[in-house]
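Mapping of the sequence shown onto our numbering: residues 17 to 485, in sequence order. Every residue gets a Cβ at the ideal spot worked out from N, C-alpha and C, and that includes glycine. Single-structure report; data block below.
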Amino acid sequence: MIVKNQHTIKEKACVFGIGLHTGIESKLTFKPAKPNTGIRFLRTDLKKQIEIPADIDHVVDISRGTKLGINGNEIHTVEHVLAAVSGLEIDNLLIELSGPEPPVMDGSAKPFVDALLSARIVEQDAVRKKLIIDRTVTFNDPVEEVDIHVTPSDRFRITFMVQYNDDDLNIGTQYYAIYSLSDNFINEIAPARTFSLLSEVETLKNNGLIKGGNLDNAIIFVDKPIEDSEKRKLKKLFNIKDTITIGEKGILNNRKLRYKNEPVRHKILDLIGDLSLLGVPIQGHVVAARSGHRSNVELVKKIRKIFNKQFIQKEFSEARKEQKFVSIDIETITKILPHRYPFLMVDRITKLTPKSRIIAIKNVSINEPYFTGHFPERPIMPGVMILEALGQAGGILLLNSLANPDGKLVMFTNMDNVKFRKVVIPGDQLQLKVSMIRQRKNFIVMEAAAYVDGELVASAKLSAAITEK
Numbered sequence: 017m018i019v020k021n022q023h024t025i026k027e028k029a030c031v032f033g034i035g036l037h038t039g040i041e042s043k044l045t046f047k048p049a050k051p052n053t054g055i056r057f058l059r060t061d062l063k064k065q066i067e068i069p070a071d072i073d074h075v076v077d078i079s080r081g082t083k084l085g086i087n088g089n090e091i092h093t094v095e096h097v098l099a100a101v102s103g104l105e106i107d108n109l110l111i112e113l114s115g116p117e118p119p120v121m122d123g124s125a126k127p128f129v130d131a132l133l134s135a136r137i138v139e140q141d142a143v144r145k146k147l148i149i150d151r152t153v154t155f156n157d158p159v160e161e162v163d164i165h166v167t168p169s170d171r172f173r174i175t176f177m178v179q180y181n182d183d184d185l186n187i188g189t190q191y192y193a194i195y196s197l198s199d200n201f202i203n204e205i206a207p208a209r210t211f212s213l214l215s216e217v218e219t220l221k222n223n224g225l226i227k228g229g230n231l232d233n234a235i236i237f238v239d240k241p242i243e244d245s246e247k248r249k250l251k252k253l254f255n256i257k258d259t260i261t262i263g264e265k266g267i268l269n270n271r272k273l274r275y276k277n278e279p280v281r282h283k284i285l286d287l288i289g290d291l292s293l294l295g296v297p298i299q300g301h302v303v304a305a306r307s308g309h310r311s312n313v314e315l316v317k318k319i320r321k322i323f324n325k326q327f328i329q330k331e332f333s334e335a336r337k338e339q340k341f342v343s344i345d346i347e348t349i350t351k352i353l354p355h356r357y358p359f360l361m362v363d364r365i366t367k368l369t370p371k372s373r374i375i376a377i378k379n380v381s382i383n384e385p386y387f388t389g390h391f392p393e394r395p396i397m398p399g400v401m402i403l404e405a406l407g408q409a410g411g412i413l414l415l416n417s418l419a420n421p422d423g424k425l426v427m428f429t430n431m432d433n434v435k436f437r438k439v440v441i442p443g444d445q446l447q448l449k450v451s452m453i454r455q456r457k458n459f460i461v462m463e464a465a466a467y468v469d470g471e472l473v474a475s476a477k478l479s480a481a482i483t484e485k
């Protein structure tokens, strides 16, 4: 089996344009990122700048495209950008935006692909992880007649079918398949443009959406008769100066298709972008019929739920085996942290990458002092103590990177997006994972998550300051 390494870009690259739904002009800048960073978005137009990981945990809306966000800091319609990044098999990027939405460009992923290729894709010194699908995963929506199956395969493949039953519509039933991103994506999928039915577009336009949508960035299929009076309205709606016409394939103003089956190819493009929200590429065959963003995201959630325990357990297991990372025992921990019993919440460090991330262990014993008063008849570890354990693991990550840690303290200043998903009881072993998002002088922001037997029990974004003792 060929083992692939991670990739990023050598230099930054920019594109400019207006957002599809907001109609706001923005500049999008792709920037290189370190190994194991993943794909992250950052809005540079906001006073409070927060990096938003491009993963399923940060999807906040899927009604018209895929929207990511943290605490009201949102980015609309990211699927075409993510499709370009994932289709080129790029693992680590910082994507800066000067507005709330990436430019729609021509409605495809090709402009983003061209920009990334111009920035030169480079290999990194880190192994690329992938999720091997070893059992069939299915998602069905009987109302929308959506069926998606993900089956084991020797590589990543997609087979997709769209089906429109309206006799007046020329899309009809379309089918396409890809068997290799490296062979098929750039020329067969990336240039496929978004499409919509005229009736849908009119409704969206009238509701104040797709403000940046026009005939230069979408294919509009006419699905109803158009009277002369309505043609005048359409000219104004789409800012069309020439005569309104309907092509032989039912396309408004007879826009030429790039492929005979461009709609189904664009559906594959959207699916590639949405699948990237797993945060790791998959090895499996995705067979989809009539799927859209909502169904794609539900599929990702289902894959994540089924395979998350397996994936996390593998990561913690590998952490104990890797010798090139620092491993820290309790004696060394007490030399780094100022805490002592009963408030020392970290028993062992299994993996530490300086200035990047840390994996630690906290064994939860019935002898913990808080169990005598916190639900004594049903002992449950207080959520604040789980956060404290994560905070101490983060403190070790920070202090270990300093030249003079003995004279420093880590003081936590903020906690965002705190979630408790499952109770922790005596006998559990907390697996603590903390990753540094960014550091500016003495101020640090980290992502933290706690697991028990591979299942997520708590997560938060932690902000801290390094101060003198």
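With a 10 Å radius around the Cβ and a threshold of 16 neighbouring Cβ atoms, R151 comes out exposed. Using a Cβ distance threshold of 9 Å, F201 and A304 do not count as a contacting pair. Boundaries for T259: no beta strand (DSSP E) harbours it, and the DSSP string shows neither H nor E there. Runs of the beta strand (DSSP E) lying entirely within the region 108–149 and spanning at least 3 residues, in chain order: 109–113 and 137–143. For T93, no alpha helix (DSSP H) run applies, since DSSP gives it neither H nor E. Between the beta-carbon of G266 and that of N203 there is about 26 Å, and that puts the pair past the 8 Å contact cut. Taking C-alpha positions only, M427 is separated from E404 by approximately 12 Å. Contact annotation: R173 and A142 have beta-carbon atoms that are not nearer than 9 Å.
For the 9 Å CB-CB criterion, V238 and I262 form a contact.
As a beta-bridge residue in DSSP terms, D432 pairs with K477. A131 and V31 have their C-alpha atoms roughly 7 Å apart. With a minimum length of 4 residues, the unbroken runs of alpha helix (DSSP H) contained wholly in the region 273–305 fall at 278–291. When Cβ pairs closer than 8 Å are counted between the two stretches, the region 77–90 is seen not to touch the region 443–460, the count staying below three. Sorting M452, A476 and L414 by C-alpha distance to the C-alpha of K435 places A476 at the top. By the criterion of a C-beta distance shorter than 7 Å, P119 is surrounded in its chain by V31, F32, G33, I34, G35, S42 and L44, once the five residues flanking it on both sides are discounted.
The closest CA to that of G407, considering only T388, D432, G389 and T348, is found on D432. In this structure E95 is buried. Its beta-carbon is surrounded by 16 or more other beta-carbon atoms within 10 angstroms. Judged by DSSP secondary structure, I236 falls within the beta strand (DSSP E) whose first and last residues are I235 to F237.
Per DSSP, reduced to three states, the secondary structure at L268 is strand.
Residue nearest to T210 within the set L147, V400, L448 and R271 is R271 (criterion: CA-CA distance). It is roughly 7 Å from the alpha-carbon of E161 to the alpha-carbon of R306. Ranked by Cα distance from V280, the first of I91, G85, Q179 and L413 is Q179. Note: E384 is not bridge-paired with any residue in the DSSP secondary-structure output. Going by beta carbons, N89 and R59 fall inside the 9 Å limit.
Under the three-state reduction of DSSP, E41 is assigned to strand.
Here K50 is actually not in contact with A135; their C-beta atoms are around 16 Å apart, not less than 8 Å. With at least 16 other beta carbons inside 10 angstroms of its own, I149 counts as buried.
A99 is positioned such that its CB atom lies no closer than 9 Å to that of S372. Residue nearest to R274 within the set V461, V76, S124 and H74 is S124 (criterion: CA-CA distance).
In this chain, Q65 is not harboured by any beta strand (DSSP E), its DSSP state being neither H nor E.
For I78, the secondary structure class from DSSP, reduced to helix, strand or coil, is coil. Taking every protein chain shown into account, the CB of S198 has fewer than 16 other CB atoms within 10 angstroms, so this residue is exposed. In terms of CA proximity to K438, G399 leads the group E139, G399 and G228. Residue nearest to L472 within the set T429, P392, R320 and G410 is R320 (criterion: CA-CA distance). The beta carbon of K424 is closer than 8 Å to those of L415, L418, I482, T483, E484 and K485 in its chain, skipping five residues each way along the sequence. Residue range R364 to T369 is occupied by the beta strand (DSSP E) that includes I365.
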